Amino acid sequence: MARYIGRFAPSPTGWLHAGSLVAALASWLDARAHGGRWLVRIEDVDRPRCVAGADEAILRQLARCGLVPDEPPVWQSRREGHYQAALDRLVAAGLAYPCACSRRDIDEALAARGWVHQRHGERVYPGTCRPERGGLRGRPPRAWRLRTDGPGGDDVWIAWLDRRLGPQRQNVTQEVGDVVLRRADGLWAYQLAVVVDDAAQGVTDVVRGEDLADNTPRQILLQRALGVTTPRYLHTPLVMAADGQKLSKQNGAQPVDLDDPLAALRAAATVLGLPRELPGANPASWLAAATQAWSARWVPPVAS
Ligand code: GLU
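In terms of the numbering used here, the sequence shown is residues 379 to 682.
As structure tokens, this is what we get:
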């Protein structure tokens with residue numbers, strides 16, 4: 379069996395709930411079904427959004443569900459030197475640059491081009507601070523951005539294959555624009571931290587919620603800029619809340635019940651399309667049956 383390293387990468391902005399358990403379970407099952415390793419990475423770079431104690435609570439909840447990482451968890455807040463080193467390399471290669479624009483500057487530049495800013499849409503950066511347009515022009519840097527245009531200034535299309543969603547493609551230059559790597563408040567952006575850490579940990583397979591699928595092309599672009607390998611991707615179905623949005627703490631998600639982990643696992647398996655009545659009297663025996671069911675569905679047989 380080829381080497382496989384998977385991971386679950388929760389942001390400790392709250393406890394594990396029915397939605398995040400789906401991603402945790404799917405990534406664990408996929409790792410086990412491939413005879414691989416499963417890691418947990420606490421993504422706590424966005425410190426203002428983190429909730430004190432949520433990291434340890436998530437690890438306890440996972441353990442209660444029988445989901446125990448094969449190595450000690452990694453905290454992103456302890457890895458900031460690696461993000462700086464990656465940014466330095468990108469800047470030295472001419473692939474990243476400092477940006478002095480405030481949100482307002484960006485909105486004004488977009489409005490001047492006749493682009494109406496959509497509140498929940500992407501705010502595609504118009505490239506005001508790109509070096510060839512005059513750079514910072516004496517203003518202090520706020521954020522650092524990745525160039526999303528090609529070497530000749532062409533648009534960059536990223537095509538990728540999701541194991542569940544099938545072939546995907548995106549014009550990253552036009553639809554995303556120059557991605558923030560380090561924010562104006564000095565915090566490292568998720569996009570940079572996730573790519574640096576997946577590469578550093580040798581992650582071969584990313585299994586995570588479908589809400590993140592749209593981030594994948596910009597992460598692939600960043601992997602290429604850093605010269606690291608692109609993992610395989612599988613984006614899992616989301617759990618929806620009563621308001622029709624992805625289930626989250628904001629719309630009423632309840633923490634996974636530590637008193638009944640089996641019920642929580644069964645509910646997560648249903649979202650993943652696994653058989654409703656898998657045998658198992660406790661998390662460990664249920665997970666063994668679930669791994670077989672996952673394997674049958676998502677792991678192609680090896681040709682002999
Ligand atoms: N930390 C991200 C989140 O909780 C997940 C990152 C990932 O799996 O790539 O939404």
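All C-beta atoms, glycine included, are put in the ideal place defined by N, C-alpha and C.
What you are looking at is a predicted structure, and each value in this text was computed from that prediction instead of being measured.
Does ligand 1 have even one heavy atom less than 7 Å from the beta-carbon of residue i?
{"i": "V446", "result": "no"}
{"i": "L543", "result": "no"}
{"i": "P388", "result": "yes"}
{"i": "L590", "result": "yes"}
{"i": "R427", "result": "no"}
{"i": "R586", "result": "yes"}
{"i": "V572", "result": "yes"}
{"i": "E421", "result": "yes"}
Quick check on residue i: does DSSP put it in helix, strand or coil?
{"i": "T582", "result": "coil"}
{"i": "L403", "result": "helix"}
{"i": "V680", "result": "coil"}
{"i": "H750", "result": "This structure cannot speak to residue 750, because the chain is shown only from 379 to 682."}
{"i": "W672", "result": "helix"}
{"i": "V423", "result": "coil"}
{"i": "V649", "result": "helix"}
{"i": "W664", "result": "helix"}
{"i": "R442", "result": "helix"}
{"i": "V452", "result": "strand"}
{"i": "R511", "result": "helix"}
{"i": "M655", "result": "For the record, residue 655 in the displayed sequence is Glu; it is not Met. Coil, per DSSP."}
{"i": "A464", "result": "helix"}
{"i": "M379", "result": "Reliability of the predicted coordinates at M379 is poor, the pLDDT of 47 falling under 50, and the value obtained from them is presented with this limitation in mind. Coil, per DSSP."}
{"i": "G459", "result": "helix"}
{"i": "R491", "result": "coil"}
{"i": "R481", "result": "helix"}
{"i": "A432", "result": "helix"}
Taking DSSP's pairing of strands, which residues face residue i in a bridge?
{"i": "A474", "result": "L524"}
{"i": "L417", "result": "R385"}
{"i": "Y331", "result": "In the structure as shown, the chain starts at 379 and stops at 682, and residue 331 therefore has no counterpart that could be examined."}
{"i": "D572", "result": "Checking the sequence shown, residue 572 turns out to be Val, not Asp. DSSP lists no partner for V572."}
{"i": "H395", "result": "P633"}
{"i": "W566", "result": "R560"}
Exposed or buried, which one is residue i when buried takes at least 16 other CB atoms within 10 Å?
{"i": "Q632", "result": "exposed"}
{"i": "G505", "result": "buried"}
{"i": "Q597", "result": "buried"}
{"i": "R515", "result": "exposed"}
{"i": "S480", "result": "exposed"}
{"i": "D556", "result": "buried"}
{"i": "R727", "result": "As displayed, the chain neither begins before 379 nor continues past 682, which places residue 727 out of reach and without an answer."}
{"i": "T607", "result": "exposed"}
{"i": "L539", "result": "exposed"}
{"i": "T352", "result": "This structure does not reach residue 352, given that the chain is present from 379 up to 682, and the question cannot be answered."}
{"i": "G444", "result": "buried"}
{"i": "Q548", "result": "buried"}
{"i": "M379", "result": "Interpretation of M379 is limited by its pLDDT of 47, a score under 50 that renders its predicted location unreliable; no figure is taken from the coordinates."}
{"i": "A463", "result": "exposed"}
{"i": "E421", "result": "buried"}
{"i": "R425", "result": "exposed"}
{"i": "V572", "result": "buried"}
{"i": "G384", "result": "buried"}
{"i": "W672", "result": "buried"}
{"i": "P595", "result": "buried"}
{"i": "V446", "result": "exposed"}
{"i": "P609", "result": "buried"}
{"i": "G397", "result": "buried"}
{"i": "R699", "result": "No information on residue 699 is available, as it lies outside the stretch 379 to 682 that the chain covers here."}
{"i": "G651", "result": "exposed"}
For ligand 3, is there any heavy atom lying closer than 7 Å to the beta carbon of residue i?
{"i": "R515", "result": "No copy of ligand 3 appears in this structure; the ligands present are ligand 1."}
* What are the uninterrupted segments assigned as alpha helix (DSSP H) that are 4 or more residues long and contained completely in the stretch 520-555, given in chain order? -> Within the stretch 520-555, the complete alpha helix (DSSP H) runs of at least 4 residues are 550-553.
* Runs of beta strand (DSSP E) wholly within the stretch 579-645 (minimum 3 residues, chain order) -> You should have 583-587 and 610-614.
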